[in-house]
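Heads up: the structure comes next, in structure tokens.
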Amino acid sequence: GAGDPFVATTTYLLKLSPTVPNVTNNLVIDLTMGQVQPAGLANIELRTSQVLTYVETNRGGVPWSLTVDIPLFLITDDKDRISPTEVYIGHQAFDGTGTAFDIVTAYHELGHWIHSNHNGPGGLPDTEPGCGTHTINSEEGPICALVEAYPSYLGQLVAEANGVMSPFYRGYRDDGVNTVNALANTLWRGDESTPTGRDNGTWESGVGVEGAVAGFLFEVHNAHGFQTVFEAFITKTPQDALGVLVGISDKFGPGAPLTLAVNAFSQQHGLVHSRGRFAPTPFAASQPPNGLPASTGNFKAINGFSFLRGLVPTVFQAVPGADLGVGTPLASKSVRLGKRPATPGVLDPPNFQPATPSVPVAAATVDLDTRTLGPASGDGDWDLVVLYQNLYDFEDNFLPGWLSDGDFDVSSDELYLKTLGTWYDPDRNPITDTDAGMVVVDNTAPTVSNFKP
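Be aware that the sequence shown starts at 145, since it is given in my numbering, and climbs by one per residue.
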């Protein structure tokens, strides 16, 4: 009708061959026009077929089949989009007037349709309000981020496979490999002109940033292939990035190399689903002297520094989901403390050695034997961290990195982790005195040779 933005309406039908007995594992793509193809738009069938063919030829043994029309509308209003049942794509993606980006955008919108039909029509997660306008690093909700990340991931794969745009990690993979500009692992920080650690008091997280979630999918794909990603979407119908992580981890099981790698990829892209920290009053030991056996420890705060000796029960707790920016955190299994000799200044990255054996998270405390921290009865200045191990046996690697964050208060790994409480700092305010976060261990009693009145 008058003012209608649609140039033409073309419907494709994905047909299943009647001669194949098991269509689930032997899907035959047969795209046919539902109407006469408009003149000058010869690539409609080609581009649509390329998306479907990529999924079909790379899904491995993952069951997937469907017989359904693809309602494909060609538009002139430059607003590529998808409704629950229809796909709207600019004509320039098909008539030769567009760029490679226009073609990739078409792949992206068709990727939405694939996603919505993973488990039959209508399988796309319900999106949150405000999910319409988005960019690679816009801050949306976790469902929106996944809904946009998956077709971006799939669209780039199809573009690479068909010579439209290469490399397929363009803009998403942030380790400086196969990218037009190294993003230095910052997509998860969101869309501020100057990236900041907190928005209105809320910690930054990649779970609501489509580029961060897509980057996670690319890392999994690069290491383990499309089939691994596709199967998680088919079998678990994830609603957010955590659902993808759980789907893959459940399949391969706790401690499996692939499970541990996928959990590491998640944290690399700012999708941190579990982390531990010291309790506000962490050292459950009395002040000296206590008159108890030497194995019993002591704790005393002197001028803002924490002095320890002997065996000190140390109280830990999970970092709340709100502080991780993830809502409900992933459950954890065990915990131990990490140590490193304290040095002046701030440190990146936070490399720690084990300080205690692991204990179940349910124990709530772990015994820190300060006498074993170092060769001289443990005496010296030490930094301590809480190392949580989640239910898939993945131990926190403290990624992503916070170095040079636009929020000065958390512009290094040490500053961020101390503010969070994961790296010990008595008041969780390292800006006041970074060195005050160390503990001072003194297990050696004075003798004639070292006592100075």
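We treat Cβ as the ideally placed atom computed from N, Cα and C, and that holds for glycine.
Spatial distance of residue i from residue j (CA atoms)
i	j	result
Arg419	Thr379	27 Å
Thr425	Phe396	38 Å
Asp467	Trp347	6 Å
Val172	Thr201	Interpretation of Val172 is limited by its pLDDT of 44, a score under 50 that renders its predicted location unreliable; no figure is taken from the coordinates.
Pro269	Ser260	8 Å
Asn166	Ser193	Confidence at Asn166 is low in this model, with a pLDDT of 33, below 50, so the placement of that residue should be treated as unreliable; the coordinate-derived value is given next. Approximately 21 Å between the Cα atoms of the pair.
Glu441	Val353	According to the sequence shown, residue 441 is Gly rather than Glu. Computed Cα separation, rounded: 46 Å.
Asn170	Glu189	The predicted model places Asn170 with a pLDDT of 39, which falls under 50 and marks its position as unreliable; any figure quoted below should be read in that light. Distance between the alpha carbons of Asn170 and Glu189 is about 21 Å.
Ala376	Ser393	9 Å
Asp577	Phe449	10 Å
Tyr536	Pro433	43 Å
Asp527	Ala520	16 Å
Val554	Leu564	10 Å
Ile219	Ser548	43 Å
Val231	Phe217	6 Å
Asp571	Gln300	46 Å
Leu561	Leu512	20 Å
Asn573	Ala423	14 Å
Asn322	His252	Any reading at Asn322 must be qualified, since the residue scores a pLDDT of 41, below 50, and its modelled position is unreliable; the value itself is stated next. Roughly 20 Å between the two C-alpha positions.
Asp579	Leu402	38 Å
Ala445	Thr372	51 Å
Asp525	Ile575	19 Å
Leu298	His368	15 Å
Phe552	Thr487	20 Å
Gly465	His278	24 Å
Ala589	Thr472	47 Å
Ala303	Ser556	37 Å
His413	Glu284	16 Å
Asp569	Ala305	50 Å
Gly391	Phe374	10 Å
Pro102	Ala400	A question about residue 102 goes unanswered here, because the residues of the chain that appear run from 145 up to 597.
Phe427	Gly581	14 Å
Ser209	Ala250	22 Å
Nearest-angstrom beta carbon gap, residue j and residue i [assumed within contact, 8 Å]
i	j	result
Pro494	Val529	7 Å
Gly482	Leu531	5 Å
Gly453	Asn587	Looking at the sequence provided, one finds Arg at residue 453 rather than Gly. With a Cβ gap of about 5 Å, Arg453 and Asn587 count as contacting.
Ile258	Val206	The Cβ separation is near 13 Å, so there is no contact.
Phe443	Gln461	In fact, because the Cβ distance is near 18 Å, the residues do not count as touching under 8 Å.
Val490	Glu558	4 Å
His256	Ile214	No, His256 and Ile214 are not in contact; Cβ-Cβ is about 11 Å, not under 8 Å.
Leu517	Ala499	6 Å
Beta-carbon proximity check, residue i vs residue j, cutoff 8 Å
i	j	result
Pro382	Leu290	yes
Pro457	Thr514	no
Trp332	Ser310	no
Ser476	Ser502	no
Ser296	Asp335	no
Arg480	Gln497	no
Leu415	Phe451	no
Ala385	Pro286	yes
Val199	Val248	no
Ala237	Arg191	yes
Val470	Val351	yes
Gly234	Gly240	no
Val585	Gly522	yes
Gly135	Asp492	Because residue 135 is not part of the residues shown, which for the chain are 145 to 597, the question remains open.
His417	Leu455	no
Arg421	Thr566	yes
Ala405	Ala358	no
C-beta neighbour in chain C for residue i, strict 8 Å
i	result
Glu348	This model lacks chain C altogether; it includes just one protein chain.
Bounding residues of the beta strand (DSSP E) (the contiguous stretch that carries residue i)
i	result
Gln300	It is not in any beta strand (DSSP E) - Gln300 instead sits in the alpha helix (DSSP H) that spans Pro286 to Ala305.
Ile446	Asn442 to Ile446
Leu531	Gly524 to Asn534
Ser478	Ser476 to Pro485
Pro424	Gly420 to Phe427
Val459	Leu455 to Ala462
Val364	Val364 -> not in any beta strand (DSSP E); alpha helix (DSSP H) instead, spanning Glu354 to His368.
Val585	Val583 to Val585
Run of the alpha helix (DSSP H) containing residue i, from where it starts to where it stops
i	result
Asp394	Ala385 to Phe396
Trp257	Ala244 to Ser260
Leu216	Not the alpha helix (DSSP H): Leu216 falls in the beta strand (DSSP E), residues Asp213 to Ile219.
Tyr198	Ile188 to Asn202
Ile233	Careful: Ile233 lies outside any alpha helix (DSSP H), inside the beta strand (DSSP E) at Val231 to Gly234.
Asp511	Unbroken run through Asp511 is the beta strand (DSSP E), Thr509 to Asp513; no alpha helix (DSSP H).
Val406	Pro401 to Gln412
Leu559	Asp557 to Leu564
Any non-hydrogen atom of the ligand FAD within 7 Å of residue i CB
i	result
Val585	No copy of the ligand FAD occurs in the structure displayed, which carries no ligand at all.
Legend entry - Cβ contact check for the region 356 to 371 and the region 402 to 412: 3 or more pairs under 8 Å: yes
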